[in-house]
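Residue numbers (full-length UniProt numbering): 1 to 158.
Think of the CB as a built atom: it goes at the ideal place given N, C-alpha and C, for glycine as much as any other residue.
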Amino acid sequence: MTTVYDFEVKKTNDELKSLKDYEGKPLLIVNTASKCGLTPQFKGLQELYEKYKDSGLEILGFPCDQFNNQEFDNISETTEFCQINYGVTFPIFAKIDVNGDNADPLFVFLKEQKKGLLSKNIKWNFTKFLVDPKGNVVERYAPTTEPGKIEDDIKKVI
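Spelled out as structure tokens, the structure:
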């Protein structure tokens, strides 16, 4: 059976990183954007990360420019923006597509595991997927779901 840990993702330097490196840890996987009305969610994501990283939680951010071009062209601008404005210390990966023919295989898998309300496609930035320590996708959250509202579910998978 396929799990999240069977995928590789691109780091900001274009090197591949196996998600097996996170095996045994709960994950919150998020498609992000730096110039979106929901961008302040970085603050809440960082707070969750600081609160639960010692319990194993990893938050993985994947910048996406598919929704009204709300991401910087240069990935170093993205990471710098996240660090300076929101103190982000959780991993931010290379910019990806989450829908369409060029959708990253990880997000194709995530969408297959947990469909959205009306379709499996991701509707906007900051769609969140909670993954248990066995690599199973246990929940999908709408872009407007504030990170703090996910805390009880995170506690259940830690």
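- PRO147 is positioned such that its CB atom lies no closer than 7 Å to that of LEU16.
- Considered as a whole, the UniProt domain "Thioredoxin" (1 to 158) harbours 41 to 52, 75 to 86, 105 to 113, 151 to 157 as its complete alpha helix (DSSP H) runs of no fewer than 4 residues, in chain order.
- Take ASN125, set aside five residues on each side of it, and the residues of its chain with a beta-carbon closer than 7 Å to its own are ASN31, THR32, ALA33, CYS36, LEU38, CYS64, PHE67, GLN70, PRO143, in chain order.
- A distance of 7 Å or more separates the beta carbons of VAL131 and LEU60.
- With contacts defined as CB atoms closer than 7 Å, PHE81 and TYR49 fail to qualify as a contacting pair.
- ASN121 and ILE84 have their C-alpha atoms spaced approximately 31 Å apart.
- VAL9 and LEU106 do touch by the CB rule: their CB atoms are close to 6 Å apart, below 8 Å.
- Relative to the Cα of VAL4, the nearest Cα in the group LYS156, LYS155, LYS134 belongs to LYS134.
- With fewer than 16 other CB atoms across the displayed protein chains lying within 10 angstroms of its CB, ASP14 is exposed.
- In this structure THR2 is exposed. Its beta-carbon is surrounded by fewer than 16 other beta-carbon atoms within 10 angstroms.
- Between ILE96 and THR79, the C-beta gap is not smaller than 7 Å, which leaves the two residues out of contact.
- If you draw a straight line from the Cα of ILE75 to the Cα of PHE7, it comes to about 21 Å.
- The alpha-carbon of GLN113 is positioned some 6 Å away from that of VAL137.
- Between the beta-carbon of PHE42 and that of VAL88 there is about 6 Å, and that keeps the pair under the 8 Å contact cut.
- Counting only residues of its own chain and dropping the five nearest sequence neighbours on each side, TYR86 has a CB closer than 7 Å to the CB of PHE42, LYS43, GLN46.
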